[in-house]
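One line per chain: the protein sequences are U and V, in this order.
The opening position of the first sequence corresponds to residue 1 in full-length UniProt numbering, with each subsequent residue numbered one higher.
The opening position of the second sequence corresponds to residue 1 in full-length UniProt numbering, with each subsequent residue numbered one higher.
Report on one structure; see the data block that follows.
Protein chains: 2
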Amino acid sequence: MDVQPSSQQLTQVPPNTSINTAMGKASSADNSAAVELQPLDTDEAAGRVERSKWLLASADPPPPWQQLFSSIKESVLPHPNTKQHNRPNRLLTFLQSLFPVLKWGKNYKASMFKSDFLAGLTLASLCIPQSIGYANLAKMDPQYGLYTSVVPPLIYAVMGSSREIAIGPVAVVSLLLSAMVSKVVDPSADPTAYRMTIFTVTFFTGAFQALFGIFRLGFLVDFLSHAAIVGFMGGAAIVIGLQQLKGLLGITHFTSKTDVVSVLSAVVKALGQQWYPLNSVLGCSFLIFILITRFIGQRNKKLFWVAATAPLLSVIVSTLIVYLSNAEKHGIKIVKHLKGGLNPSSLHQLDLGGQHVGEAAKIGLICALIALTEAIAVGRSFASMKGYHLDGNKEMVAMGVMNLVGSLTSCYTATGSFSRTAVNYSAGCETVVSNIVMSVTVLICLLLFTKLLYYTPLAILASIILSALPGLIDLNEGYNIWKVDKLDFMVCIAAFFGVLFGSVEIGLLVAVVMSFGKVIVISIKPSTEVVGRVPGTDIFCNIMQYPIANKLSGVLITRITSATFCFANASFIRERILKIVEDENNIEEVAKGRLYVLILDMTNVMNIDTSGIHALGEVHKKLNARGLQLAVVNPKWQVITKMKAAKLIDKIGAEWVFLSIGDAVEASVRLKMNGLNSIVFN
Amino acid sequence: MDVQPSSQQLTQVPPNTSINTAMGKASSADNSAAVELQPLDTDEAAGRVERSKWLLASADPPPPWQQLFSSIKESVLPHPNTKQHNRPNRLLTFLQSLFPVLKWGKNYKASMFKSDFLAGLTLASLCIPQSIGYANLAKMDPQYGLYTSVVPPLIYAVMGSSREIAIGPVAVVSLLLSAMVSKVVDPSADPTAYRMTIFTVTFFTGAFQALFGIFRLGFLVDFLSHAAIVGFMGGAAIVIGLQQLKGLLGITHFTSKTDVVSVLSAVVKALGQQWYPLNSVLGCSFLIFILITRFIGQRNKKLFWVAATAPLLSVIVSTLIVYLSNAEKHGIKIVKHLKGGLNPSSLHQLDLGGQHVGEAAKIGLICALIALTEAIAVGRSFASMKGYHLDGNKEMVAMGVMNLVGSLTSCYTATGSFSRTAVNYSAGCETVVSNIVMSVTVLICLLLFTKLLYYTPLAILASIILSALPGLIDLNEGYNIWKVDKLDFMVCIAAFFGVLFGSVEIGLLVAVVMSFGKVIVISIKPSTEVVGRVPGTDIFCNIMQYPIANKLSGVLITRITSATFCFANASFIRERILKIVEDENNIEEVAKGRLYVLILDMTNVMNIDTSGIHALGEVHKKLNARGLQLAVVNPKWQVITKMKAAKLIDKIGAEWVFLSIGDAVEASVRLKMNGLNSIVFN
């Protein structure tokens, strides 16, 4: 114990050995019985007074606008680089941060390319049928899905920093687009206008994403809570699955609504009229095949490529079957039109001055958030597996540019796909080069093999989409949420049913409103707890949580556990505190002169407003009327400052503000020793 | 020191003399320099382990629905009467609680009646001109204002428990009614339908108020924050004042909108066309007279009756002037139609099945809340002056019944008036009997003197309303709010300008949305603080607030000061904690093996959701990757339960969860002694 005690401070504040010795012994065999308090020595009182002074003399906290400014600065401005660079280096650093390929490209090795090449091919084999299927879901011609798998992955490869993410069209965004744009433009009545609106929405999506990234508004993605995303994704997966009934049953006329009731009644209606069972037979048998290969892949991790290539194999085999058996003449619906060739320009198709531009911007904003939420969730989870960090804001810029360029090259909104990223990772990709390989493969397919896809049955595309859906329904996580937080589970379920029985937007709205509603309810929930001392320590705890903690006699100790003491809960909290005093036993104690101080621990009150200050003033007044003194413990920086500004400290008396419950208890004991008459009630 | 130590506990938990002695000495002369930590003895370690066990072994808190149920029970159900009553007494108690007159009536004395009689007369002299003026503001015929001052005060007198409140029509509710009902029915086009809608609204107002009282939903009134009310009232007062320009200038055609811009442009337009300056001369001179008498009343409290009777005197004198000079033929606008006689029934005028019933119910709800807010604020402030308690829920029932009966007897919405209650109090009222005296006086006036009011100039009514407005604009309170809470002041100003430049509803909406928005912003604001030890104690404080607190070396101690650790701030808080570690000095310390534990104080985290749990898990993972151990201190009941349910405690290690920062510091010292190699990173 060779510490040099601070002589300067020690003269003022002697070590609190004495108080703790006294308090440490002040425990009783019976926990429920209150403990008698003992007076303490004078040195300790000096220390306590000194500590109260520190509390009262603390300088004002930074004003709210400064806090606001610094928190905006912190979140919006890039973190300053601590190391100094000379000019060319700074440019290089900037370019490297914008195009991470400049950084990792230098160290790229042939051995890595081998892995990436194989992963890219595997990815392409899954991506081609999925892209066609998702284009179908988005009510676009099939080639647009393939286009979307060509340009965006190339852009992302030079700008993005995730190594595993697989870029392209995804199920949820495709559903979102078709559900929301269909309300603005009818795709069956005017497919060109519909396509133009989709490109415009994609343009806005990219613009919003890039802006979010540039202004470092990454936190916007956080406003969808984890539970809300789980519920939303689950609901969306079921809605997407229901949409596939069209292809799987070979129904011609289908509803444009997405809720369960509309879709199922449309299916029942269609089944009563005309449908082609052959489609279902074909679709279901290949669905079973794909699911079996998936099962094999999951059991034996080395055979994952069986699962990954099964969709392409299914497409090839089923196309051959249809081609050879002329099954399209027996009611099997086929892709038919699939325009080949390189992505055409869609610059002239952007409708930025049209009548739907406002709607398109709104849909673009929603798509931007959903696409980013999915991409960042996917990217982060794989980055943390491999142990590197993903900067959300940089990713947003990359995604934004990729969608902006995409909207000019006939692509619709692309993002990171859950299922394909997992395949990419399992296939052993090393860098984002696997995306380039995939993109080139899709391009080759577009240039050479589109004619071969003419006979591909739609039922197969439906079964490929269906097989990818279970990954979106995370029952396990739903169960975890239920176990950990029942209210969160409510949010999850609300988002799920909102998507299922309302629409995609209603589901999202419900999720966001409920998430924030939960924050309000939790924040304003008035709550106080009775506090007792943990025997052998100077720690004061909730006696419900710690039955071992003892109540002390002569003082009532209560703690406000609402974080905000504001208009919405001030009168509740006031009533709760007064109710503790009005408790029959306590009234008796007060009457007998045994109870004379109510210690109010404000440690947990992070913020107080004028209503809270009023309520606290009233508590003080009413306690005084009963002959009780109010002692305030550890008001936080914001709180003590406001109490001082409102002159509440003057009313309560500066000598009744303490840094710790222990100090307040000790002062109460001293008060009892000196006799109650010495209290000046002001 | 004659305390009996609990032998049973003391064997497990030795008094913590040693730790505090060591810690008490562990302060240094230089506050900024970190303090070296010293290992402690074995007994103390046993105590610490024991305390951690209590924390980890705490039973589950009551589930959320039980909390919800008990908080509903607490707020909705009446508090059980602890004393047992036999049956007839219980009935009497119930009746007494419903009709407080049964209780205080028994003790009513002749001497009290003398005071009440004088106060009632003074009240009536103010009430008669105000009632006519407010009826004018509500776009009703003047007698309806007088009706409203007859029936509601009588009902309140038998059911209410405030002794000072003066019941009748008030400015803000009159404005609210005319502004909102005018949008549904045009009062100039169809005055009968307008009146019917007003009565229907009053019926709904009463019904809602009574229901709020019966279901003990008194807290709904709290959802308008104090700051919002101050701003709203100030804005409403100015809007009401602007409305009086019509009467004061003698303008015939006026706008039905209430915002400043519309009203002022209507005034300018009218001034360009035709207006009668004589109205202004008459109005302004009497306004000056009333304001002078008020000034005299304020300077000399005994002369308050001069101020109180000045309005009636003005009415009498100005009526005489107009009558004698035939001034109505020179453009002076007069009341003209004032139907005398007892309140007629308005049962057949209630339009409960009509097309506007939905609108009426909505307006009724808003009026119910505003009227209650005003009445309860007035009632409570005078009750607290005289030192008695006012039960908000009972008051609501009384107000509700009074408005329900009022809507059947040609009254519009009545509530407690700010200005008249103050007059009642100054006039020395003893009980609510002064309201009965006032009501009877108004009734006599209705029966006998209405013909005399035929010549009363409208400009006088306008000046009487104008003279009552300054009481609604509480600049002083606005300044106090500014001093105490800048954000609250923003809410106040927003409500003020919302009413002024938007409409009454917009002002209210802005106030409510901003009040709750503030709660959200404060609750999710991510914040952490660096914590140091207050020398000579085992108290750990924010080193910004308490510059005297010392950082300790070898450990980083940080505290989460956001009350909710949820989806909206989880990633921010995670980044903040990690940034502390990534601080250059700290990285160096870690590299040199001098820094090995990050102590995270969670005392202030009241609630955590699944996103928060995830973020905490990631912090643990990333710290481990850097070779640092995470120690969690004092997670609250809800938090520790969720951490256990999410198996996060297993990941962090149960031995790294502590009840106090002191315990965590001590465990860190022990870790250093035993060497870092003994940490098992899991």
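For every residue, glycine included, the Cβ atom is placed at its ideal position computed from N, Cα and C.
Top-ranked residue by Cα proximity to residue i, from the options
i	options	result
N542/U	R48/V, K53/V and P61/V	P61/V
K183/V	S256/V, R299/V, L303/V and A207/V	S256/V
T590/V	A667/V, N624/V, G406/V and I560/V	Position check: residue 590/V holds Val in this sequence, whereas Thr was assumed. Among A667/V, N624/V, G406/V and I560/V, the Cα nearest to that of V590/V is on N624/V.
V499/U	P169/U, V263/U, V150/U and K333/U	V263/U
K651/V	E575/V, Q638/V, M180/V and H620/V	H620/V
L217/V	E529/V, G517/V and L369/V	L369/V
C566/V	S611/V, I366/V, P535/V and Q349/V	S611/V
G400/V	L390/V, G206/V and I132/V	G206/V
L390/V	S97/V, W54/V and L55/V	S97/V
CB of residue i within 8 Å of CB of residue j, strictly
i	j	result
A494/U	G231/U	yes
N424/V	A166/V	yes
M601/U	I539/U	Checking the sequence, you will find Asp at residue 601/U rather than Met. Contact: no.
T441/V	E164/V	no
E477/U	G160/U	no
S515/V	S410/V	no
T558/U	V531/U	yes
A427/U	A119/U	yes
K642/V	V521/U	no
V555/U	V632/U	no
M606/U	T197/V	no
Y276/U	G331/U	yes
L595/V	L616/V	no
residue 702/U	P153/U	The requested residue 702/U is not part of the displayed model; chain U covers only 1 to 682.
L598/U	L628/U	yes
Interface partners of residue i on chain U, CB under 7 Å
i	result
V484/V	T610, I613, K642, A645 and A646
N542/V	W637
Chain U within 8 Å of residue i, Cβ atoms only
i	result
Y479/V	no
D60/V	no
P153/V	no
M606/V	yes
V669/V	no
Q209/V	no
Amino acids of chain V, ordered along the chain, whose beta-carbon sits closer than 8 Å to that of residue i
i	result
F567/U	D222, F223, L224, S225, H226, A227, A228 and S515
R51/U	V534, T537 and I539
Residue-chain proximity (residue i, chain V), Cβ-Cβ < 8 Å
i	result
L659/U	yes
D488/U	yes
G387/U	yes
S426/U	no
S314/U	no
W656/U	no
F219/U	yes
V519/U	yes
P63/U	yes
A375/U	no
heavy atom of the ligand COA below 7 Å from residue i C-beta
i	result
E359/U	In terms of ligand content, the structure shown is empty, and the ligand COA therefore cannot be addressed.
Any beta strand (DSSP E) of 3 or more consecutive residues that is wholly inside the region 488-534 of chain U: 528-533
Contained alpha helix (DSSP H) runs [length at least 4] in the region 386-438 of chain U, N- to C-terminal order: 392-408 and 418-426
Contact list for the region 612-638 of chain U against chain B, Cβ threshold 8 Å: The chain inventory of the structure shown lacks chain B, comprising the protein chains U and V.
Alpha helix (DSSP H) segments (min. 4 residues) lying fully within the region 116-180 of chain V: 142-148 and 151-159
Inside the UniProt domain "STAS" (567-668) of chain V only - alpha helix (DSSP H) runs reaching at least 4 residues: 570-582, 584-591, 610-625, 637-645 and 648-652
Inside the region 216-289 of chain U only - alpha helix (DSSP H) runs reaching at least 4 residues: 226-243, 245-249 and 260-272
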